[in-house]
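In the working numbering, the protein residues as written are 326 to 707.
These notes concern the structure reproduced below.
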Amino acid sequence: MPEVFRRPRLAAELAGRLLRPGVLDEGLRSGLFLSGLRRTGKTTFLRTDLVPELEAQGALVIYVDLWSDTKASPAALVQAAVRQTLSQLVTPSSPLLSRLRRIKGLDLGGMGFRFGFQLDQLGEAGGVTLAQAFTEVVDQSGGDVVLIIDEVQQAITTEEGNQMLLALKATRDAINPRPETPGHFLFLGTGSHRALVSELTARRNQAFAGATSLPYPVLDQAYVRHVLERLRAEGMELLPSEESAWNSFQTLGHRPEEFLRALGQLRLSTTSGLAPDQLLPVIAATLRGSAADLELLKVEQIGGLATAIFDRVARSEGPARGIFSAEAALSYGEAIGREVRVEEIQPVVNELLAANVLMRLGHGLYGVTDPFVQEIWQERQR
Ligand SMILES: Nc1ncnc2c1ncn2[C@@H]1O[C@H](COP(=O)(O)OP(=O)(O)O)[C@@H](O)[C@H]1O
Ligand SMILES: [Mg+2]
326 MPEVFRRPRL AAELAGRLLR PGVLDEGLRS GLFLSGLRRT GKTTFLRTDL
376 VPELEAQGAL VIYVDLWSDT KASPAALVQA AVRQTLSQLV TPSSPLLSRL
426 RRIKGLDLGG MGFRFGFQLD QLGEAGGVTL AQAFTEVVDQ SGGDVVLIID
476 EVQQAITTEE GNQMLLALKA TRDAINPRPE TPGHFLFLGT GSHRALVSEL
526 TARRNQAFAG ATSLPYPVLD QAYVRHVLER LRAEGMELLP SEESAWNSFQ
576 TLGHRPEEFL RALGQLRLST TSGLAPDQLL PVIAATLRGS AADLELLKVE
626 QIGGLATAIF DRVARSEGPA RGIFSAEAAL SYGEAIGREV RVEEIQPVVN
676 ELLAANVLMR LGHGLYGVTD PFVQEIWQER QR
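Have a look at this one:
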């Protein structure tokens, strides 16, 4: 495990804006969405910095990552996490309750929370709704509850997931407007697909229309400096300048793993006679493309038709439509030099979806799952 560069100030600021919003931040109570590219440290920031800070400030936090199991339904993952937390709340000796007692001085007289429903009724037809369950949690804890859904855009790819988002909106609307509410229900979603995440807040028919959508704050120059200092402490000679390292970190899309890989290659090639500041940009430029290669290789392995379909989707700015049309079949045929029948398309698209290189964005609409892969593809076709 590489050492994590902590960002306590950023976490404190964000937690404060969520839990005690000023006039201009009150919109955050409708929901906050952070979007940033894959592998830039969103999950790490949430888990190591933001969740502990929210807890230290007295909130009860539930965290779910919808990419932790892409085969499970988003709704099922959220329900499992909520149930898990509720079951800790009813257990007097659970670590969660001890923490709430300590931080908030909550006095339950040696008991756990007592809910007016059975936990296994949660989310069942005719059972208890998320709104009812969270209202009881807010009222009994006397404070804020924050639900964090990592890779939330995964929820809008299925009908069930959309229903869940509507249920969360209903939860917010059941709890927050109460004049005497002892706490609020706050929702934080993050996603690796900016277009999809903004869609969640921008479209009027989406559950979280009107919520706030912000770019995830990527790691900055302080992180780069921290890495260089550690390398210096380890005795690495021929280090790049901070400026050159920072430029390369940006070339690599602010991805820590790629950055460390580039520095690793730099260390191995110091016999080339070139200065680190000359070498590092070259290494970074090469690595930038290879980050996408793994994904593109999956497409190639599915076959030529897959590549032609992927090309059509990747070239389209915004969601691609009409990928099953006769006109599309004709253009795929031209690309691969044989006739393509319309009924051949669906099974190949299914394979691309299963490989998680393409994703369904709505009825008849498709997009590339990783915008970075799409960007590299477009760069190469120019
Ligand atoms: N603050 C950090 N300091 C050091 N390494 C980090 C930091 N944040 C992320 N990383 C590394 O970058 C990689 C991607 O991080 P992750 O949090 O999974 O990104 P995301 O959730 O945006 O896809 C991981 O290997 C992680 O260890
Ligand atoms: Mg993540």
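Using N, Cα and C, we set each Cβ at its ideal position, and we do this for glycine too.
Only a predicted model underlies this, so the values are computations on that prediction, with no experimental measurement involved.
(request) Answer yes if the stretch 358-374 comes into contact with the stretch 446-457, meaning at least three C-beta pairs across the two stretches below 8 Å, and no otherwise. (result) no
(message) Checking the sheet assignment: what are the DSSP bridge partners for L690?
(response) G687
(message) Is it buried or exposed, P601, if we count other Cβ atoms within 10 angstroms and call 16 or more buried?
(response) buried
(message) Does the contact criterion of 3 or more C-beta pairs under 8 Å hold for the stretch 379-386 versus the stretch 467-481?
(response) yes
(request) Answer yes or no: the CB of T694 versus the heavy atoms of ligand 1, is any distance below 7 Å? (result) no
(message) Between V403 and V415, how many whole angstroms is the CB-CB distance? I'm expecting something under 8 Å.
(response) Incorrect: roughly 19 Å between the Cβ atoms, too far for contact.
(message) Can you look up D390 in the DSSP assignment and give me helix, strand or coil?
(response) strand
(request) Using only alpha-carbon positions, find the residue among L513, T460, S355 and L444 that is nearest to Y709. (result) The requested residue 709 does not occur in the structure, where the chain is confined to residues 326 to 707.
(message) Suppose the cutoff is 7 Å on Cβ atoms and the five residues either side in sequence are ignored; what does the same chain contact list for L564 look like?
(response) L553, L556, R557 and P601
(request) Along the alpha helix (DSSP H) that carries P581, what are the first and last residues, could you check? (result) P581 to L593
(message) Closer than 7 Å to a non-hydrogen atom of ligand 2 - does that hold for the CB of K396?
(response) no
(message) Since S517 and E476 should fall inside the 8 Å C-beta cutoff, what is the C-beta to C-beta distance between them, to a whole number of angstroms?
(response) 6 Å
(message) If distances are taken between C-alpha atoms only, which option among V463, L385, R592 and A520 comes closest to G508?
(response) V463
(message) According to DSSP, T515 sits in a beta bridge with which residue or residues?
(response) L359
(request) Report yes if the CB atom of S398 is closer than 8 Å to the CB atom of E484, and no otherwise. (result) no
(request) Would you kindly report the start and end of the unbroken beta strand (DSSP E) that includes S538? (result) T537 to P540
(request) Please report the residue range of the beta strand (DSSP E) in which D432 lies. (result) No beta strand (DSSP E) contains D432, which DSSP labels as neither H nor E.
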